[in-house]
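Data block below; observations after.
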Amino acid sequence: MRPITYTRAASLEAAIAAFADARGEARYIAGGTTLFDLMKLGVERPALLIDLGAVPGLDGIRIEGDALRLGATALMSDVAEALAARGEHPVLSESLLKAASQQLRNMATIGGNLLQRTRCPYFRAGHGAYPCNRRQPGSGCAAIGGLDRGQAVLGTSEACTAVSAGDLPVALVALDARIELQGPEGRRSIPAAALHRLPGEAPDQEFALRPGEIITAVVVPRTGAGRASTYHKVRDRESYAFALASAAVVLEMEGGVVREARIALGGVGTVPWRAAPAEDALRGRALTPEGALAAGRAAFAEARPGQHNGFKTELGARVIAEALMIAAGRSRS
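In my numbering, the protein residues as written are 931 to 1263.
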């Protein structure tokens, strides 16, 4: 059995120093809801776990000027309830409330959820039963030519078609949120859209984090458009299931005409997918059910379905259309 050492960091600086001392053998942990699963499956094999739960200042949920600031160790359930009570950013609270189960949301943190790894069954097959470039670079991809009903149709490569599993990252991309990081080289901030990497030829490099970096907070702009938003998710069952297709929509309307639309997709892409062609099709036009569906179909013009997931292109288009009409209704309230 491989031994594991556990330490509870008292500060970010102590956590980062412990990570550096472990020379690539450490993992940060907060809620642990994903990491422990991956350790049991043999995907993750850390020698050191660095618990961030005692680091002060990481769990806040507060307004700072024109922005909403969510600490990285704030619980998903706490953030969802706080936002729902304010009636602000429904796209955020809905993305959290439609993710996982209540028990998991009571343990899982905002930062951990952003770094959730794919649910591709070949990636998660026990102890490497199938080849997977994301798990072992250069080994191949069993999903290509295999059972691919749940795989991505946007952003795929010849090396990987694994879908990005999260709901919250999709909402953050639509809101143009930013991710704050701290690591051995200091602090920096990146757009939420830049956190997840396309698979390309290196699908094992999933996140744009430098070695030892920690997500410290998510910063979301507060605008009037945030209220005219929604997260619409279609899945195989109504609770505790990952998206077959989802859409986060943020609208700015003026007299029934779309002044600005921001749309991101989940369940269909290898990363949280910004649907720029759909946004372009809507801008400056009156929003009708027919126009919303046309915009949804424009989002999938470059889709590359596999053997069993071709249904996602039309399903995804209709999810976008329904989300647009929900958000438009909220813009009038």
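Cβ atoms here follow ideal geometry from the backbone N, Cα and C, with glycine treated the same way.
DSSP places Leu-968 in no beta strand (DSSP E) but in the uninterrupted alpha helix (DSSP H) bounded by 965–970. Per DSSP, reduced to three states, the secondary structure at Lys-1163 is strand. By the neighbour-count criterion, in which 16 or more other beta carbons inside 10 Å mark a residue as buried, Ser-1119 falls on the exposed side. In the structure shown, Leu-1044 falls within a helical segment according to DSSP collapsed to helix, strand and coil. Taken atom to atom, the span from the alpha-carbon of Ala-1155 to that of His-1019 is near 9 Å.
A straight-line Cα-Cα distance of about 10 Å links Val-973 and Arg-1064. In terms of Cα proximity to Gly-1116, the closest of Arg-932, Leu-942, Pro-933 is Leu-942. Closest in alpha carbon position to Arg-1140, among Arg-1152, Leu-1125, Thr-1153, is Leu-1125. DSSP places Ile-1256 inside the alpha helix (DSSP H), whose first and last residues are 1241–1261.
By the criterion of at least three beta-carbon pairs nearer than 8 Å, the stretch 1042–1052 is in contact with the stretch 1077–1094.
Residue pairing by DSSP places Ala-1178 opposite Tyr-1161, Ala-1194 in a beta bridge. Across the set Ala-1010, Gly-1226, Ala-1029, Leu-1027, the C-alpha of Gly-1226 shows the shortest separation from the C-alpha of Asp-1210.
When the five nearest sequence neighbours on each side are left out, the beta carbons in the same chain lying within less than 6 Å of the beta carbon of Thr-964 are those of Gln-1046, in order along the chain.
For Pro-1020, the enclosing alpha helix (DSSP H) stretches over residues 1020–1027. Between Leu-1212 and Val-1188, the CB-CB gap stays under 7 Å. In this structure, DSSP gives Met-1006 a helical state, which the three-state scheme calls helix.
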